[in-house]
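Below: the structure, in structure tokens.
There are 2 protein chains.
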Amino acid sequence: MATLEAVLDTIDKNIDVSKERLFDFLRIKSVSTDPAYTGECQRAAEWLSNELESLGYKAEVRPTPGHPIVVGHAAAKRKDAPHVLFYGHYDVQPADPLELWTTDPFEPRLQQGKEAQEIVARGASDDKGQLMTFVEACRAFEANGGLPCEVTFLFEGEEETGSPSLPGFLAQYKAELSEPALALVCDTGMWNAATPAITIMLRGLAQEEVVLRGASHDLHSGMFGGPVVNPIHVMAKIIADLHDAEGKVTLSGFYDGVPELPEEIAEQWRSLNFDEMAFLQSIGLTTVGGETGRSVMEQIWARPTCDVNGVVGGYTGKGSKTVLPAQASAKFSFRLVGTQDPKKIVDRFRAFVRERLPADVQAEFVSHGASGALRLPFGSEPLKRARRALSEEWGVEAALTGCGGSIPIVGAFKRDLDMDALMIGFALDDDRIHSPNEKYSFTSFRKGTRSWARVLAALAA
Amino acid sequence: MATLEAVLDTIDKNIDVSKERLFDFLRIKSVSTDPAYTGECQRAAEWLSNELESLGYKAEVRPTPGHPIVVGHAAAKRKDAPHVLFYGHYDVQPADPLELWTTDPFEPRLQQGKEAQEIVARGASDDKGQLMTFVEACRAFEANGGLPCEVTFLFEGEEETGSPSLPGFLAQYKAELSEPALALVCDTGMWNAATPAITIMLRGLAQEEVVLRGASHDLHSGMFGGPVVNPIHVMAKIIADLHDAEGKVTLSGFYDGVPELPEEIAEQWRSLNFDEMAFLQSIGLTTVGGETGRSVMEQIWARPTCDVNGVVGGYTGKGSKTVLPAQASAKFSFRLVGTQDPKKIVDRFRAFVRERLPADVQAEFVSHGASGALRLPFGSEPLKRARRALSEEWGVEAALTGCGGSIPIVGAFKRDLDMDALMIGFALDDDRIHSPNEKYSFTSFRKGTRSWARVLAALAA
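The listed protein sequences correspond, in order, to chains D and A. Heads up: the first sequence at position 101 corresponds to 101 in this note's numbering, and the numbers run straight through without jumps. So the mapping is simple: this note's numbering equals the position in the second sequence, first residue as 1, plus 1000.
Okay, here's the thing in structure tokens:
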């Protein structure tokens, strides 16, 4: 315990230097979905590898069919220490719309928020800031005699695009990567600014882009409008048909494998006293939408969705253009829960679209990945220890929560490496991840780093 | 008649020089809808004014709240000659999508088409090429003793954006512009490459842009998807609801004032033996869409429509982005016929949209202009003379046709100046106006110029 206190002291004393290292990392424009930033993704991977090497660890930037993956290894100070795998991702979402950022998304800065200082930058919260809480905790251990656990580091660069290269990578390096007994994943959030959380449920995600094509080229809407099919109208009908009046998704068999919430979990969630109105007001809304009769929390953590993430067709510039467009496209995503089968849902969706194509309209489908939902066992010994460690740092019992987002790697760890994962993160709901002016509470950064120190110590106790 | 023959000879001898003048005009990027091209619109107006002055005419570039209008005056060689007003527009549609052009849209070139040489450039057909057929006909008269008619020239630069400044301009210069007895408008097409046409019906046009706003900012579709309203879904429902299964527009009262076709016109149109399949195949289609049971020709010339000209919302770049968008927008246009009231239809449309807004979604409406349909008297003396002149040039009886597009100025001439208009043009259906690789048949340019010489002579006979 003397060592842990020393480690926590080191973290607090060096927190400004830690922040500067994070700022360096945030300046790298590692947007994974846009080929224009391929070089920046490579640079982010190399930056991380250098960080690990600066701590005396072995580290490598390994190529994949997409962006590279960083693997590192750190020994523990004790031979019989537990071995954990820490996962994070260095890629970020696109920064657009750029005009809505107060300052350059890739020039991090500290600002005074309502309750704490905040780090503002693309990736500040998702996931560079979170990832660095763990690395900085390791750094503090190294300054105090070494790590209590053996650690394998795994940093990928394609999380924001569905981690297409990861399954192959895990298969290729299975022997090496399946050595650890437990995965630690830092890509989730706190219950609120005062209450830490461990995430025990994740929604799955299937993403499909649809391009509809009609006439061979854009036409004058006066000279051709009437008898000529308009692909925007066809796309609108498809989108409109996907939900019924009660907000349910109309794909046949969509709710196969969607369980009602177990009473045990429902009770714990109710005890969290979630404030729906405050949640809605924080994003400018007043009314619970979606499925009639389902609460906000249930819908986000435990119900599946279908959302159109983007649509475009015809003339979208300033003013008007009397064009009858030849094409319309839309990006669809399905959030999945329980045992919903991503492949079956994609197949049903494509059939649904095809059934709605009039004569002369062709559909092209582009898959952007599909992975099922995940529910973790929540009576395990590591979970109990981590929950206690978090409760000690924050002075309040850590919540066991769901998460509306997807972390496909957690499913891959279970499926490909037979490894459970502890999902612990320090993001807040108002971090504006994927949105302009993304931020990460400086308290999350400091106490997150301290939390990891406590969790590593607890796992090794 | 000796003079007319000499004028026609002059036209033929100088046609290559005429073409070079048109090419100069086409190089000016006078895109009226995009503020980035305001200077180019000014330049196009000055270029036209200089052209008229080079013919010895008085000409002025006059300011408007939008792009300037050119007014010119040319005397006739005889004192008692009829006085006509010639209208054309120097503005063009945006050239995008640029990547679909084979060559630079503003670097005109001549290419060998299937049946004739073609001039390829944005505006080659709509309306710079057409406008210049009249100016070049005047030039040929000047080389042969002068014009048979007195001519007032009126060239605007906002036709492609609904001519917002024209009504005010006509009011301001009413005394001057209402002196001519007849307007000549060259912004319409031939029946086919061999058969000239005079257009006697035009559809009206009402254009409305709708912006829907939900949450205060874009959100992560995992962290918020489910209970949070998606404006793209709301827009899709609105668009889908606008047509019923028979292709009819569902706005209440939309068909008030839509007449069935008079048998006299229906019979003339049937005699044109329009080839629906060839028309559809020319644009990559095989099936008549739109209103069930209505022919292509009837739908385009004599039936109203509702089309979405553009839609955009959320992430539309490469790859995927798990965003729940805060906004979606769409540009709607209504083609109108008979006595449909544009104002009433816009009001009904806005009410239709508002009725479909769920809680927390606001709609903003932007009007891009609204004008009613027009039907011209088709037993008048000038119409008979012009029809005969065209028939002589082309060796086949000129057709009396409808037009699916809008030429708001023709309505304004009637309403504000009490002046009928002869709509004669030489565009072809496959000119790709408003689309990439717009072209104008060189035959249209040469014989169009000759046709105007014959029409001017006939009106003065």
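Every residue, glycine too, gets a C-beta built ideally from N, C-alpha and C.
Residue burial classification, residue i (beta-carbon count within 10 angstroms, cutoff 16)
i	result
V1346(A)	buried
R454(D)	buried
A1427(A)	buried
G289(D)	buried
S1252(A)	exposed
Q1362(A)	exposed
P65(D)	exposed
L380(D)	The sequence given here has Ser at residue 380(D), not Leu. So S380(D) ends up on the exposed side.
G405(D)	buried
T1292(A)	exposed
S18(D)	buried
T449(D)	buried
Q333(D)	With the sequence shown as reference, residue 333(D) is identified as Ser, and Gln is not the correct amino acid for it. Per the 10 Å Cβ criterion, buried.
T10(D)	buried
V396(D)	exposed
S271(D)	exposed
L1456(A)	buried
Proximity to residue i [Cα-Cα], best of the options
i	options	result
L85(D)	I69(D), L26(D), C149(D)	C149(D)
F1153(A)	M1297(A), A1457(A), P1108(A), E1051(A)	E1051(A)
K331(D)	L357(D), P304(D), A302(D), G369(D)	G369(D)
K79(D)	V151(D), D9(D), Q340(D), E267(D)	V151(D)
E1355(A)	A1460(A), G1402(A), I1239(A)	I1239(A)
R385(D)	S451(D), V135(D), K344(D), G39(D)	S451(D)
S1030(A)	P1063(A), V1061(A), R1122(A), E1209(A)	R1122(A)
G1257(A)	Q1340(A), I1407(A), D1244(A)	Q1340(A)
D124(D)	F442(D), A457(D), L456(D)	The sequence given here has Ala at residue 124(D), not Asp. Checking every option, the nearest Cα to that of A124(D) belongs to F442(D).
S1032(A)	L1022(A), A1045(A), E1020(A), R1021(A)	A1045(A)
Y1484(A)	K1114(A), A1460(A), H1067(A), P1342(A)	As shown, chain A starts at 1001 and ends at 1461. That puts residue 1484(A) outside it, with no answer to give.
K318(D)	D1096(A), Q1111(A), A1359(A), E1260(A)	D1096(A)
H1434(A)	R139(D), L110(D), Y315(D)	Y315(D)
V185(D)	F134(D), E208(D), E179(D), W191(D)	F134(D)
L1285(A)	L285(D), L261(D), F224(D)	F224(D)
L1100(A)	K1447(A), E1438(A), K1058(A), A1457(A)	E1438(A)
S371(D)	Y37(D), Y57(D), Q207(D), A266(D)	Q207(D)
T1003(A)	L1048(A), E1040(A), E1142(A), K1013(A)	E1142(A)
L26(D)	K13(D), C41(D), H243(D), D12(D)	C41(D)
S282(D)	D431(D), E392(D), Q117(D), R43(D)	D431(D)
F1352(A)	A1399(A), E1298(A), D1241(A), L1422(A)	D1241(A)
Q1117(A)	V1337(A), K1447(A), G1214(A)	K1447(A)
Report task. Could you run through the region 1294-1312 of chain A and flag, in chain order, every residue whose CB is less than 7 Å away from some CB of chain D? Result -> V1296, Q1299, I1300, R1303, T1305, D1307, V1308, N1309, G1310, V1311, V1312
Report task. Specify whether the region 1305-1317 of chain A and the region 324-339 of chain D touch according to this definition: at least 3 beta carbon pairs, one from each stretch, less than 8 Å apart. Result -> Because the criterion of three Cβ pairs below 8 Å is met, the region 1305-1317 of chain A and the region 324-339 of chain D touch.
Query raised in the report: Considering only residues of the region 1042-1118 of chain A, which uninterrupted beta strand (DSSP E) runs meet the minimum length of 3 residues and lie entirely inside it, listed in chain order?
Result: 1058-1062, 1069-1074, 1083-1089, 1109-1112
Query raised in the report: Does the region 153-167 of chain D touch the region 78-95 of chain D, meaning 3 or more C-beta pairs lie closer than 8 Å?
Result: yes
Query raised in the report: Of all the residues that make up the region 1276-1296 of chain A, which are near chain D by a beta-carbon distance shorter than 9 Å?
Result: Listed by position, the residues of the region 1276-1296 of chain A near chain D (Cβ gap below 9 Å) are E1276, F1279, L1280, S1282, I1283, G1284, L1285, T1286, T1287, V1288, G1289, G1290, E1291, R1294, S1295, V1296.
Requested in this report: Take every Cβ of the region 213-220 of chain D, pair it with every Cβ of the region 1219-1234 of chain A, and state whether three or more of those distances are shorter than 8 Å.
Outcome: no
Query - Length-filtered (4 minimum) alpha helix (DSSP H) runs lying within the region 179-229 of chain D - result: Residue ranges of uninterrupted alpha helix (DSSP H) with 4 or more members, entirely inside the region 179-229 of chain D and ordered along the chain, are 221-224.
**Report entry** contact_flag[the region 101-108 of chain D, the region 70-86 of chain D] where n(CB pairs < 8 Å) is 3 or more
**Finding:** no
Query - Three-pair Cβ contact test at 8 Å for the region 166-174 of chain D versus the region 238-250 of chain D - result: no
Query - Cβ contact check for the region 1366-1379 of chain A and the region 1414-1428 of chain A: 3 or more pairs under 8 Å - result: Touching, per the Cβ criterion.
**Report entry** Meets three-Cβ-pair contact criterion under 8 Å: the region 196-213 of chain D and the region 1276-1283 of chain A
**Finding:** no
**Report entry** Secondary structure, beta strand (DSSP E): runs of 3+ residues fully inside the region 1368-1439 of chain A
**Finding:** 1399-1403, 1421-1424
Report task. Below 9 Å between beta carbons is the criterion; list the residues of the region 1158-1187 of chain A that meet it against any residue of chain D, in chain order. Result -> Near chain D, meaning a CB-to-CB distance below 9 Å, the residues of the region 1158-1187 of chain A are E1160, T1161, G1162.
Report task. Select from the region 1239-1258 of chain A all residues with a C-beta closer than 7 Å to any C-beta belonging to chain D, and list them in chain order. Result -> So the close ones are I1239, A1240, H1243.
Query raised in the report: Got a sec: which bits of the region 206-226 of chain D sit with their beta carbon under 8 Å from any beta carbon on chain A, in order along the chain?
Result: For chain A, the residues of the region 206-226 of chain D that bring a beta carbon within less than 8 Å of one of its beta carbons are Q207, E209, G214, A215, S216, H217, D218, L219, H220, S221, G222, M223, F224, G225, G226, in chain order.
Report task. Anything in the region 329-343 of chain D with a Cβ closer than 7 Å to a Cβ of chain A? List those residues in chain order, please. Result -> K331, S333, R335
Query raised in the report: Going along the chain, which residues of the region 1394-1408 of chain A sit with their C-beta nearer than 7 Å to a C-beta in chain D?
Result: G1404, G1405, S1406
Requested in this report: Pick out the complete beta strand (DSSP E) segments inside the region 1320-1356 of chain A, 3 residues or longer, and give them in chain order.
Outcome: 1327-1336
Requested in this report: Would you list, in chain order, the members of the region 1068-1098 of chain A that have their beta-carbon closer than 7 Å to a beta-carbon of chain D?
Outcome: Q1093, P1094
Query raised in the report: What residue ranges within the region 1230-1270 of chain A form continuous alpha helix (DSSP H) runs of no fewer than 4 residues, ordered along the chain?
Result: Fully enclosed alpha helix (DSSP H) runs of 4 or longer: 1231-1241, 1263-1270.
**Report entry** Near-chain D residues of the region 1352-1383 of chain A (beta-carbon distance less than 8 Å), N- to C-terminal order
**Finding:** P1358, A1359, D1360, H1368, G1369
Report task. Please list the residues of the region 1123-1148 of chain A that have a C-beta atom closer than 9 Å to any C-beta atom in chain D, keeping them in chain order. Result -> D1126
Report task. Identify each residue in the region 1019-1034 of chain A for which the Cβ-Cβ distance to at least one residue of chain D is less than 7 Å, and report them in chain order. Result -> Flagged, chain order: T1033, D1034.
Query raised in the report: Taking only runs of the beta strand (DSSP E) that begin and end inside the region 1125-1190 of chain A, which ones reach a length of at least 3 residues, in chain order?
Result: 1150-1156, 1182-1185
Query - chain A contacts made by the region 424-449 of chain D, where a contact means CB separation under 8 Å - result: D429, R432, I433, H434, S435, P436
Query - Residues in the region 1317-1328 of chain A having any Cβ partner in chain D nearer than 9 Å - result: Listed by position, the residues of the region 1317-1328 of chain A near chain D (Cβ gap below 9 Å) are G1317, K1318, G1319, S1320, K1321, T1322, V1323, L1324, P1325, A1326, A1328.
Report task. Return the residues of the region 1107-1120 of chain A that lie within a Cβ-Cβ distance of less than 8 Å from chain D, sorted by chain order. Result -> Within the region 1107-1120 of chain A, no residue qualifies.
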